[in-house]
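**Student:** Shown below is the structure under consideration.
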Amino acid sequence: MDNFAKICLDNGGKITPLIIPKEYNNGLGLMNPSVLNKDGKIIVNLRAVNYTFYHSEKKLFQHPYGPLTYLHPENDIKLRTWNYYLELDDDNEITRVNKIDTSKFPDKELWDFIGLEDARLFEWEGKFYMSGVRRDTDTIGTGRMEICEIEVDKDSVKQISQWRIPNPPPDNSYCEKNWMPVIDRPYHYIKWSNPTEVVKIDLENKTCETVFIDDKSSGINFRGGSQVVPWKEYYIAITHEVDLTKSETGRKDAIYSHRILLWDKNFKLLKYSEEFSIMGGHVEFCTGLAQKGNDFLMTFGFQDNAAYILQFPEKVFAEILCIEDLSSQEISVNADWKTTNHPTMEFTTSIDVKNGCVVDCVFCPQRTLQESYKGERFLSLENFKKSVDKIPKEVRITFAGFTEPWLNPKCTEMVLYAHEKGHQISIFTTGIGMTIKDLDRIKHIPFAGYPNGNFTLHLPDSERKAKHPITNKYVKLIEYFGELRNDINNFQIMAMGPIHDSVSHVFPTAHSPEMWSRAGNLSREMILKPELLNRANEFKSIYHGEEPKTCGCLEKLYHNVVLPNGDVSLCCMDYGLKHIIGNIFEQSYEEVVPKNNSCFNLCKFCENGVKPNE
Ligand code: SF4
Ligand code: SF4
Numbered sequence: 094m095d096n097f098a099k100i101c102l103d104n105g106g107k108i109t110p111l112i113i114p115k116e117y118n119n120g121l122g123l124m125n126p127s128v129l130n131k132d133g134k135i136i137v138n139l140r141a142v143n144y145t146f147y148h149s150e151k152k153l154f155q156h157p158y159g160p161l162t163y164l165h166p167e168n169d170i171k172l173r174t175w176n177y178y179l180e181l182d183d184d185n186e187i188t189r190v191n192k193i194d195t196s197k198f199p200d201k202e203l204w205d206f207i208g209l210e211d212a213r214l215f216e217w218e219g220k221f222y223m224s225g226v227r228r229d230t231d232t233i234g235t236g237r238m239e240i241c242e243i244e245v246d247k248d249s250v251k252q253i254s255q256w257r258i259p260n261p262p263p264d265n266s267y268c269e270k271n272w273m274p275v276i277d278r279p280y281h282y283i284k285w286s287n288p289t290e291v292v293k294i295d296l297e298n299k300t301c302e303t304v305f306i307d308d309k310s311s312g313i314n315f316r317g318g319s320q321v322v323p324w325k326e327y328y329i330a331i332t333h334e335v336d337l338t339k340s341e342t343g344r345k346d347a348i349y350s351h352r353i354l355l356w357d358k359n360f361k362l363l364k365y366s367e368e369f370s371i372m373g374g375h376v377e378f379c380t381g382l383a384q385k386g387n388d389f390l391m392t393f394g395f396q397d398n399a400a401y402i403l404q405f406p407e408k409v410f411a412e413i414l415c416i417e418d419l420s421s422q423e424i425s426v427n428a429d430w431k432t433t434n435h436p437t438m439e440f441t442t443s444i445d446v447k448n449g450c451v452v453d454c455v456f457c458p459q460r461t462l463q464e465s466y467k468g469e470r471f472l473s474l475e476n477f478k479k480s481v482d483k484i485p486k487e488v489r490i491t492f493a494g495f496t497e498p499w500l501n502p503k504c505t506e507m508v509l510y511a512h513e514k515g516h517q518i519s520i521f522t523t524g525i526g527m528t529i530k531d532l533d534r535i536k537h538i539p540f541a542g543y544p545n546g547n548f549t550l551h552l553p554d555s556e557r558k559a560k561h562p563i564t565n566k567y568v569k570l571i572e573y574f575g576e577l578r579n580d581i582n583n584f585q586i587m588a589m590g591p592i593h594d595s596v597s598h599v600f601p602t603a604h605s606p607e608m609w610s611r612a613g614n615l616s617r618e619m620i621l622k623p624e625l626l627n628r629a630n631e632f633k634s635i636y637h638g639e640e641p642k643t644c645g646c647l648e649k650l651y652h653n654v655v656l657p658n659g660d661v662s663l664c665c666m667d668y669g670l671k672h673i674i675g676n677i678f679e680q681s682y683e684e685v686v687p688k689n690n691s692c693f694n695l696c697k698f699c700e701n702g703v704k705p706n707e
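Below you can see the structure in the form of structure tokens.
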């Protein structure tokens, strides 16, 4: 999303620059405003600075010192901040301006950045506060959040208290900033958003403690941003990420992007949007969010030189976060699977931990699976139906998984049930366990096509890389497949080499796919299956490095695999069952599937792994 503001304007929103008369700050930078709806009155804190920041967007017209530079007054090279209290009318026009009087708390001026920066506004237990980072209290620029109480009189606005908040013990970090105050939860901040960390401060005893850390991480470097605002039964905020880069000449540069994050009231992260630019710039920063009726107000700085307030209907957030029913207080929490047109649920209909899949293909990590799986051998028809009933119709049901699907005698019933329930169906089978009667019962189904669809028949090969138990009955079935080849929708064949003599009279040749390590699982399998050692050079491997990776398949992270015990594995690479994302017998589909762009260790070893949002 490269222009969030345009989406807001297209939906009936409006944007207003926040400009104060030039005598207040000599026309220098105005930036990073914060907004608060205080009992119906819209209040803004506007940050004014004593310099002009210059950023050469698109790397055009760079300053000799690089694309990102600060232009100071000649007689003052410090980066100073002052804060201005504004009141706005219904059209978001400024009706009152007061410089916030901080004379009771003079700046220490021991470092280069002076003053309270990027202060967010909020009201806790009837007292009006602002909270931002201060770095001028020592000679090395140690940053800590400060909370300051503000008193608003008829003609003046004064700071009447100041407390430098320690980090929770051991309080030894260099710089803490952008903590997000939780508007309706006094003394709580979201200190960090990945994983979510909530701290609670004690103004009397001057302490700060961590009260919640999420055990799940999205793998994305979400930082702070606006305040955390209650919305329906949830909390919402706008966070930022920054990519610190270098110009061609090695000078400092940066690209800021934002996201919308949604938590439940226990601070469990439920959803996050794709990253976006607010107005298409590289240096933008959101420090304010408030609700005004059914609209949101968002305040942000553009290139540290301009400040804006953007008003837009809440449906913009709903659409971006894929929330279907805005009138409901209960938001359906994870429709991220709709970010792909090809969501798929694959079923493993049986796992025999003693013997593995009877076909025992050399490039299939069956021993790894046998060592990892615990639970019932067969998926019962009843449990299959219970699972399918929970899965949205748009999700394709695929019969493949970690073993041959027709090793379960109920497989044909399952295929028919999922088809009758309205799902698209695809099948990957060797035909082992299937009868001619089974084929007759399912041949009419319009099997799905691209991507990863089809009715694929895996034939035996002459080198016995796949060890189909070949019997007369099996050959007859393959001959029947031969007769139906043009009648079955999206029918195709494959083999791991030249076709085995027993069935080559039906299908003389077939496509042989390139072999990969199943996201590294074949390396583990090699220790368990000596046969594989002689074929180590016949499959490819990849390792992307330690950077977080997510799924680059067209299905994104929404091609998952149900096991006979109801566990859902991330994808068909996960033979070691290292990424069980939920249990479909016990949870809803939405609870089970991952959030878009989540990163998994397995993806670092998979040919389909990509950077989030790549
Ligand atoms: S590739 Fe398929 S048929 Fe071969 S062993 Fe694995 S699950 Fe069985
Ligand atoms: S391991 Fe990751 S990248 Fe590979 S298919 Fe699975 S989810 Fe996609």
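Mapping of the sequence shown onto our numbering: position 130 corresponds to residue 223, and the numbering continues sequentially without gaps.
Cβ atoms here follow ideal geometry from the backbone N, Cα and C, with glycine treated the same way.
#1: Could you tell me how far apart the beta carbons of Ile563 and Ser595 are, in whole angstroms, since I believe they sit closer than 8 Å?
#2: Can we count Thr564 as close to ligand 1, meaning its CB is less than 6 Å from some heavy atom?
#3: How many Å lie between His281 and Gly120 at the Cα?
#4: Should Asp660 go down as buried or exposed, given a rule of 16 or more other Cβ atoms within 10 Å for buried?
#5: Applying the 10 Å Cβ sphere with the 16-neighbour rule, what's the burial state of Tyr567?
#6: Using DSSP with H/G/I as helix, E/B as strand and the rest coil, what is Phe305?
#7: Starting from Trp175, follow its DSSP beta bridges and name the residues at the other end.
#8: If you run the structure through DSSP and keep just helix, strand and coil, what is Ser266?
#9: Please state if the CB of Gly373 and the CB of Asn96 are separated by a distance shorter than 7 Å.
#10: Could you check which residue in Arg352, Thr380, Gly386 has the C-alpha nearest to that of Ser370?
#11: Considering only heavy atoms of ligand 1, does any lie closer than 6 Å to the CB of Cys415?
#12: Let's test the definition: count the other Cβ atoms within 10 Å of the Cβ of Asn125 and tell me whether it reaches 16, buried, or not, exposed.
#13: Could you tell me which residues DSSP pairs with Trp256 in its beta bridges?
#14: Quick check on the burial criterion: 16 or more other C-beta atoms within 10 angstroms. Buried or exposed for Asp248?
#15: On the DSSP bridge assignment, give the partners of Gln70 in chain order.
#16: Taking 7 Å as the limit between beta carbons, can you name the residues of its chain near Glu412, skipping five residues before and five after?
#17: Is Ala493 close to ligand 2? I mean its beta-carbon at under 6 Å from any heavy atom of the ligand.
#18: By alpha-carbon positions, which one of Glu297, Val322, Val291, Asn104 ends up nearest to Asp307?
#19: Measuring alpha carbon to alpha carbon, tell me which residue in Lys408, Phe315, Glu556, Ile484 is nearest Leu102.
#20: Is there contact here, the region 134-144 with the region 172-180, by at least three beta-carbon pairs under 8 Å?
#21: Terminal residues of the continuous beta strand (DSSP E) containing Met438?
#22: Spatial neighbours of Leu111 within its chain, please: C-beta separation below 8 Å, excluding the five flanking residues on both sides.
#23: Just the C-alpha distance for Glu341 and Glu679, rounded to the nearest angstrom, thanks.
#24: Kindly provide the ranges of any alpha helix (DSSP H) runs that are 4 or more residues long and lie completely inside the region 542-589, ordered along the chain.
#25: Quick check: what's the CA-CA separation for Glu624 versus Glu684?
#26: So, with DSSP's three-state summary, where would you put His148?
#27: For Gly702, which option in Ile635, Ile674, Phe540, Ser662 has the closest C-alpha, if you only look at C-alpha atoms?
#28: CB of Cys644 to nearest heavy atom of ligand 1: below 6 Å?
#29: Looking only at DSSP bridge pairs, what is Phe215 linked to?
#30: Using 7 Å as the threshold, is the C-beta distance between Ile490 and Ala511 below it?
**Tutor:** Checking against the coordinates, here is how it stands:
#1: At roughly 5 Å, the Cβ-Cβ gap stays under 8 Å, so Ile563 and Ser595 are in contact.
#2: Every heavy atom of ligand 1 is 6 Å or more from the Cβ of Thr564, so no.
#3: 36 Å
#4: buried
#5: buried
#6: Reduced to three states, the DSSP call for Phe305 is strand.
#7: Ala141
#8: coil
#9: yes
#10: Ranked by Cα distance from Ser370, the first of Arg352, Thr380, Gly386 is Arg352.
#11: no
#12: buried
#13: In DSSP, Trp256 forms a bridge with Ile240.
#14: exposed
#15: A question about residue 70 goes unanswered here, because the residues of the chain that appear run from 94 up to 707.
#16: Once the five neighbours on either side are set aside, Glu412 has no close Cβ partner at all.
#17: no
#18: Of the candidates Glu297, Val322, Val291, Asn104, the one whose C-alpha sits nearest the C-alpha of Asp307 is Val291.
#19: Lys408
#20: Cβ pair count under 8 Å is three or more, so yes.
#21: 437-440
#22: Closer than 8 Å at the Cβ level, and outside the excluded window around Leu111, lie Leu123, Pro126, Val137, Leu139, Leu179, Ile187, Thr392, Ala400, Tyr401, Ile402.
#23: Approximately 54 Å between the Cα atoms of the pair.
#24: 565-577
#25: Approximately 40 Å, taken between the alpha carbons.
#26: Under the three-state reduction of DSSP, His148 is assigned to strand.
#27: Ile635
#28: no
#29: Tyr222
#30: Annotated as proximal: Ile490 and Ala511, with beta-carbon spacing under 7 Å.
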